[in-house]
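Here is the structure we will look at, set down as structure tokens.
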Amino acid sequence: MSDPKIDVRDLSVFYGKKQALFDVGLAIRERRVMALIGPSGCGKRTFLRALNRMHDLSEGARVTGSILLDGEDLLDERVDPVEVRRRIGMVFQRPNPFPKSIFDNVAFGLRVANLVTSAGLSDRVEESLRAAALWEEVKDRLDESAMSLSGGQQQRLCIARAVAVRPEVLLMDEPASALDPIATEKIEELIVELGKKYAIVIVTHSMSEAARVSDHVGFFYSGKLVESGGTKQTLESPKEKETQAYLAGRFG
Amino acid sequence: MKRVSRGDWLLSAATGAAVVLVLGSLVAILGAIVVRGAPVLSPKFVFGSPGADPADGGLLPVILGTVACTLLMTVACVPLGVTTAVWLSEYAPRTSTLAGIVRSAIRNLAAVPSIVFGLFGLGFFVLFVGGKIDSVFYAQATGPVFARPAILWSSLTLALLTLPVVVVTTEEALRTIPRDVREAAFALGATRLQVVWRVILPHAKSGIWTGVILAVSRGAGEVAPILFTGVVGWQSRAPTDARDGFMHLGNHVYLLATQAPDVERAQPALYGTVVLLLLLTFSLNIAAVILRHRSRAGARA
Amino acid sequence: MVPDWPVVLYSRENSSGTYAYFKEHVLKKADFVAEAQSLPGTAAVMYAVSHDRYGIGYGGVSRGHGVRLVPLVSKTGMDVLPSARSASSGEYPLARPLLVYRTTERGGEVDAFVRWLGERPARALALEAGFFPLEEGT
Amino acid sequence: MTALARPVRGKPRPSLLGSTATPRWERIVERLIAAVAFVSVAAVLSILAFVAREAAPLFWEGREHLPDLILPRQWAGYDAPAHVWQPVGFPPKHDVVPLLIGTLKITGLAMLVAGPIALLSAVYIAELAPRRVREVVKPAIELFAGIPSVVLGFFSLVFIAHFLERLFGLTYRLNALVAALGLALTIIPVVFTVSEDALRAVPKSLREASAALGARRWQTTLLVVVPAALPGIAAAFVLGFGRAIGETMIVLMASGIAPVVDASPVSSARTVTATIAAELGETARGGEHWRVLFALGVLLFLITWALDRMGASAVARLRRRLHGPEAES
Numbered sequence: 178m179s180d181p182k183i184d185v186r187d188l189s190v191f192y193g194k195k196q197a198l199f200d201v202g203l204a205i206r207e208r209r210v211m212a213l214i215g216p217s218g219c220g221k222r223t224f225l226r227a228l229n230r231m232h233d234l235s236e237g238a239r240v241t242g243s244i245l246l247d248g249e250d251l252l253d254e255r256v257d258p259v260e261v262r263r264r265i266g267m268v269f270q271r272p273n274p275f276p277k278s279i280f281d282n283v284a285f286g287l288r289v290a291n292l293v294t295s296a297g298l299s300d301r302v303e304e305s306l307r308a309a310a311l312w313e314e315v316k317d318r319l320d321e322s323a324m325s326l327s328g329g330q331q332q333r334l335c336i337a338r339a340v341a342v343r344p345e346v347l348l349m350d351e352p353a354s355a356l357d358p359i360a361t362e363k364i365e366e367l368i369v370e371l372g373k374k375y376a377i378v379i380v381t382h383s384m385s386e387a388a389r390v391s392d393h394v395g396f397f398y399s400g401k402l403v404e405s406g407g408t409k410q411t412l413e414s415p416k417e418k419e420t421q422a423y424l425a426g427r428f429g
Numbered sequence: 038m039k040r041v042s043r044g045d046w047l048l049s050a051a052t053g054a055a056v057v058l059v060l061g062s063l064v065a066i067l068g069a070i071v072v073r074g075a076p077v078l079s080p081k082f083v084f085g086s087p088g089a090d091p092a093d094g095g096l097l098p099v100i101l102g103t104v105a106c107t108l109l110m111t112v113a114c115v116p117l118g119v120t121t122a123v124w125l126s127e128y129a130p131r132t133s134t135l136a137g138i139v140r141s142a143i144r145n146l147a148a149v150p151s152i153v154f155g156l157f158g159l160g161f162f163v164l165f166v167g168g169k170i171d172s173v174f175y176a177q178a179t180g181p182v183f184a185r186p187a188i189l190w191s192s193l194t195l196a197l198l199t200l201p202v203v204v205v206t207t208e209e210a211l212r213t214i215p216r217d218v219r220e221a222a223f224a225l226g227a228t229r230l231q232v233v234w235r236v237i238l239p240h241a242k243s244g245i246w247t248g249v250i251l252a253v254s255r256g257a258g259e260v261a262p263i264l265f266t267g268v269v270g271w272q273s274r275a276p277t278d279a280r281d282g283f284m285h286l287g288n289h290v291y292l293l294a295t296q297a298p299d300v301e302r303a304q305p306a307l308y309g310t311v312v313l314l315l316l317l318t319f320s321l322n323i324a325a326v327i328l329r330h331r332s333r334a335g336a337r338a
Numbered sequence: 003m004v005p006d007w008p009v010v011l012y013s014r015e016n017s018s019g020t021y022a023y024f025k026e027h028v029l030k031k032a033d034f035v036a037e038a039q040s041l042p043g044t045a046a047v048m049y050a051v052s053h054d055r056y057g058i059g060y061g062g063v064s065r066g067h068g069v070r071l072v073p074l075v076s077k078t079g080m081d082v083l084p085s086a087r088s089a090s091s092g093e094y095p096l097a098r099p100l101l102v103y104r105t106t107e108r109g110g111e112v113d114a115f116v117r118w119l120g121e122r123p124a125r126a127l128a129l130e131a132g133f134f135p136l137e138e139g140t
Numbered sequence: 005m006t007a008l009a010r011p012v013r014g015k016p017r018p019s020l021l022g023s024t025a026t027p028r029w030e031r032i033v034e035r036l037i038a039a040v041a042f043v044s045v046a047a048v049l050s051i052l053a054f055v056a057r058e059a060a061p062l063f064w065e066g067r068e069h070l071p072d073l074i075l076p077r078q079w080a081g082y083d084a085p086a087h088v089w090q091p092v093g094f095p096p097k098h099d100v101v102p103l104l105i106g107t108l109k110i111t112g113l114a115m116l117v118a119g120p121i122a123l124l125s126a127v128y129i130a131e132l133a134p135r136r137v138r139e140v141v142k143p144a145i146e147l148f149a150g151i152p153s154v155v156l157g158f159f160s161l162v163f164i165a166h167f168l169e170r171l172f173g174l175t176y177r178l179n180a181l182v183a184a185l186g187l188a189l190t191i192i193p194v195v196f197t198v199s200e201d202a203l204r205a206v207p208k209s210l211r212e213a214s215a216a217l218g219a220r221r222w223q224t225t226l227l228v229v230v231p232a233a234l235p236g237i238a239a240a241f242v243l244g245f246g247r248a249i250g251e252t253m254i255v256l257m258a259s260g261i262a263p264v265v266d267a268s269p270v271s272s273a274r275t276v277t278a279t280i281a282a283e284l285g286e287t288a289r290g291g292e293h294w295r296v297l298f299a300l301g302v303l304l305f306l307i308t309w310a311l312d313r314m315g316a317s318a319v320a321r322l323r324r325r326l327h328g329p330e331a332e333s
């Protein structure tokens with residue numbers, strides 16, 4: 178197997194004096210979907226947010242260990258977190274489009290990074306909207322406010338926005354949890370599709386979703402990574418007893 | 038029929054009466070003034086040039102002076118205030134000592150009496166800053182050039198007075214922006230400045246406008262800070278230079294009410310001027326209230 | 003029959019020249035009582051006195067449009083009204099000249115202005131504004 | 005394995021360490037933003053410094069006059085030692101006590117009028133009013149704050165003075181009470197807004213608990229909600245008091261500005277602010293009178309600063325009281 182895209186070693190996260198994540202090690206591979214599961218408060222979201230240095234934005238948060246992106250530690254204090262976030266995109270739990278037009282939402286990341294000329298901009302916007310399976314629905318109303326879209330469309334717009342800068346890794350924080358079943362299905366199809374191109378890390382509270390979209394899973398419990406492995410094998414025959422108990426629905 | 042306890046009735050009656058009293062006096066004040074002042078507002082009275090007697094009206098230079106002073110003040114205070122609010126809300130750690138110092142300075146600034154701003158404007162801007170400019174650049178001049186009361190100094194004094202209004206309103210507007218929006222922008226690889234410029238400020242636009250309008254309204258109505266820093270009682274024209282003295286509606290009300298050559302004859306002009314001043318500040322306030330209401334409703338939606 | 007009632011004094015603000023003059027020449031350098039109301043202008047004094055049955059005040063005659071002037075008793079025992087003649091002759095006891103100070107050297111525009119002040123058009127303007135102009139040649 | 009492992013569109017990605025997404029000028033702009041934020045700090049400090057600068061020589065130039073600023077003295081022409089403010093006189097008399105008395109008298113009266121009215125209104129709006137009424141009345145009361153004080157001064161001078169004269173037949177048409185009523189109009193919105201906020205900050209659970217125990221509405225309001233909000237209400241009064249002390253134009257126009265030393269609410273009064281506004285314009289720079297006026301400015305600054313601190317700490321106390329010691333300040 179090739180080197181992992183992201184190699185996390187001994188990752189611990191503290192909020193003030195409280196430790197939220199304990200010495201987590203996990204490898205995330207190119208063109209694979211990794212699902213993070215576990216009961217609420219288990220640290221899976223904390224882990225996800227460490228990957229693109231979102232903790233830099235919260236006061237009192239401290240991260241130790243290392244996260245190697247293609248062999249380089251992105252936690253190194255000399256690394257500009259902005260650069261990290263341009264390479265590692267993120268989609269949030271609740272759709273959070275900017276109160277701007279559909280076009281401007283998708284173009285945002287390109288504009289702030291000054292990535293393409295204005296001539297190339299509309300091509301990239303179209304490409305990204307197609308990649309998010311939204312193009313056909315919005316191609317005639319790109320100038321309308323993103324707020325006019327339905328919840329599911331907004332979330333696909335956020336995905337289009339995230340892939341527009343052609344990130345190397347895509348992080349998704351329960352991207353379908355705020356949506357209705359039909360929109361959820363569309364998002365899940367999209368994740369599978371995108372998983373062919375990107376390394377994707379997705380936090381989910383739904384075992385069935387993890388089973389449908391992911392290649393690997395990591396099970397978190399009380400701030401620790403309890404076990405990880407291939408999705409099918411881990412979900413069907415977990416090794417650890419916490420995982421077994423969780424999957425049996427005894428807590429969560 | 039529902040039985041209302043006597044205590045409940047008494048409480049409602051007492052508190053309701055207080056509200057009626059307050060609103061009643063608001064209506065009474067505005068009514069008494071507008072009824073007498075509104076008929077005076079002819080185009081000649083408002084936009085004419087003044088004659089020998091202020092009682093004849095001709096408020097154009099007074100209005101121009103007020104507008105010029107207020108505009109200068111706004112130009113000085115809004116960038117300062119918005120930047121301060123942005124620093125407090127987007128840059129400074131919420132619990133940092135430095136932010137605490139700035140916050141308490143803003144509070145103090147808001148509490149300083151307006152007449153003390155007048156003393157400060159005279160002591161600092163006119164005498165100190167103006168004096169320094171004169172001694173460096175106008176050493177040959179026979180009289181003071183910058184070291185005398187002028188519209189520039191009045192505007193800067195007012196800018197500091199209204200600074201807290203802009204800071205507080207803007208910060209409040211920034212605080213209503215959901216965390217999601219900031220995180221989305223950061224996650225897309227925007228730098229902090231890009232987040233502020235492209236997301237936060239556009240998002241807070243109506244809140245910032247509310248602050249600007251409130252500041253303008255406050256600044257336009259203050260008299261005490263300009264008494265010694267630039268306002269003049271009577272001149273025939275509007276200021277054309279930042280170093281000129283200027284006439285001001287608020288000061289004009291004060292003068293007409295207390296120093297008109299012929300009090301009885303000046304009454305109509307006085308009411309007319311008061312209505313103009315109220316029109317200026319009050320309409321701005323109503324606009325701010327509506328805008329604020331809308332932006333709050335927008336933040337909830 | 004007027005009941006016993008305190009007389010209300012209306013004075014000018016202590017930043018005015020009229021105040022200082024009155025204090026020096028009428029009160030002979032004594033203080034006003036603390037209760038004297040300080041008003042910012044002669045007009046305000048007139049307004050206040052006209053609305054107060056028991057009020058008394060003083061002010062510059064130039065601002066005295068539409069009021070009846072009260073004669074004062076001069077040194078010679080005559081009732082004297084303020085006028086151009088009684089003021090410049092010194093007969094009216096409370097006349098005071100309006101002085102023009104200059105901060106610049108002699109010559110130039112300022113000289114011309116000061117000369118102009120003594121001429122006929124300026125005197126006409128002064129009269130119009132309610133002041134008593136200088137006698138010709140003074 | 006190298007940092008260039010994955011070529012993107014033919015272009016190699018530069019190393020994370022080597023690339024700076026945030027340009028250097030942005031760091032400079034950040035510094036500037038922080039610097040601008042401190043303008044307010046500089047402003048507060050220089051207000052104190054530059055007002056004090058004009059006042060300070062008082063303490064080494066005319067030291068023998070210092071006791072006269074606050075102590076009664078036997079002046080020629082007076083029957084007994086007295087507090088006299090006659091800064092243009094022979095000799096000038098700069099006793100500030102009459103001004104402090106005037107200030108306290110007028111602000112005290114104004115608080116006496118404005119405080120209860122504002123508090124009752126706040127109780128009505130926060131506790132009793134239907135939502136639709138609140139949404140109209142609250143901004144309407146706040147609009148009061150938008151009336152320039154010179155307009156309220158004019159209103160007091162003409163209407164309130166006339167009204168009181170008709171009602172009571174007062175000796176002094178312009179007096180402390182007239183100014184205080186005008187002043188009350190400016191502090192009502194302050195006291196109202198802050199008290200209303202404090203009342204509304206009281207958690208709903210307290211009201212429900214009280215109701216569940218069988219308390220009537222008035223009992224809940226007066227015995228539970230108002231006491232819980234008390235520190236906030238105290239802050240409202242302190243802030244209103246600070247505002248009243250600093251107000252200038254109303255007292256300048258409506259108080260009769262006479263430096264009287266007595267306790268009557270209907271005699272004229274001269275406040276610190278009105279004194280500065282009325283006298284500074286024609287005062288020679290650097291003279292003793294000038295310095296005393298600036299010293300009064302310093303005094304005003306310090307008083308309002310102290311009141312504001314008191315108000316702020318009362319609000320913080322309210323927050324701790326309602327939300328426990330963990331509450332963010």
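Chains as they are written, first to last, in our numbering: chain W, 178 to 429; chain V, 38 to 338; chain L, 3 to 140; chain H, 5 to 333.
Every residue gets a Cβ at the ideal spot worked out from N, C-alpha and C, and that includes glycine.
Residue i classed as buried or exposed, judged by whether at least 16 other C-beta atoms fall within 10 angstroms
i: Q90 of chain H; result: buried
i: S153 of chain H; result: buried
i: R219 of chain V; result: buried
i: I183 of chain W; result: buried
i: L49 of chain H; result: exposed
Same chain, Cβ closer than 7 Å to residue i, five either side skipped, listed in chain order
i: A129 of chain H; result: Note that residue 129 of chain H corresponds to Ile in the displayed sequence, not to Ala. If we look at I129 of chain H and ignore the five residues flanking it on each side, its Cβ neighbours are R138, V141, K142, E200.
i: A184 of chain H; result: I110, L113, A114, V117
Three-state secondary structure (DSSP) of residue i
i: G157 of chain H; result: helix
i: D281 of chain W; result: helix
i: R221 of chain H; result: helix
i: A212 of chain W; result: strand
i: E209 of chain V; result: helix
i: H98 of chain H; result: strand
i: I377 of chain W; result: strand
i: G407 of chain W; result: strand
Same chain, Cβ closer than 8 Å to residue i, five either side skipped, listed in chain order
i: R212 of chain V; result: S126
i: N288 of chain V; result: V260, I263, L264, V268, G270
Beta carbon of residue i nearer than 9 Å to that of residue j
i: V311 of chain V; j: G74 of chain V; result: yes
i: A376 of chain W; j: M211 of chain W; result: yes
i: A180 of chain H; j: K97 of chain H; result: no
i: D81 of chain L; j: G81 of chain H; result: no
i: V336 of chain H; j: L210 of chain H; result: Residue 336 of chain H is absent from the structure shown; chain H starts at 5 and stops at 333.
Closer than 8 Å at the beta carbon, the chain A residues around residue i
i: I143 of chain V; result: Protein chains W, V, L and H are contained in the structure displayed, whereas chain A is not.
6 Å Cβ shell around residue i - same chain, five flanking residues per side excluded
i: M267 of chain W; result: N229, L348
Of the residues that make up the segment 293–310 of chain W, which ones have a beta carbon closer than 9 Å to any beta carbon in chain H?
Against chain H - using a Cβ distance shorter than 9 Å - the segment 293–310 of chain W contributes no residues.
With 9 Å as the C-beta to C-beta threshold (strictly closer), list the residues of the segment 250–282 of chain W near chain H in chain order.
Within the segment 250–282 of chain W, contact with chain H at the beta-carbon level (separation under 9 Å) is assigned to D250, L251, D253, R255, V256, D257, P258, V259, E260, V261, R262, R263, R264.
Residues in the segment 133–165 of chain V having any Cβ partner in chain W nearer than 8 Å
Hits within the stretch: zero.
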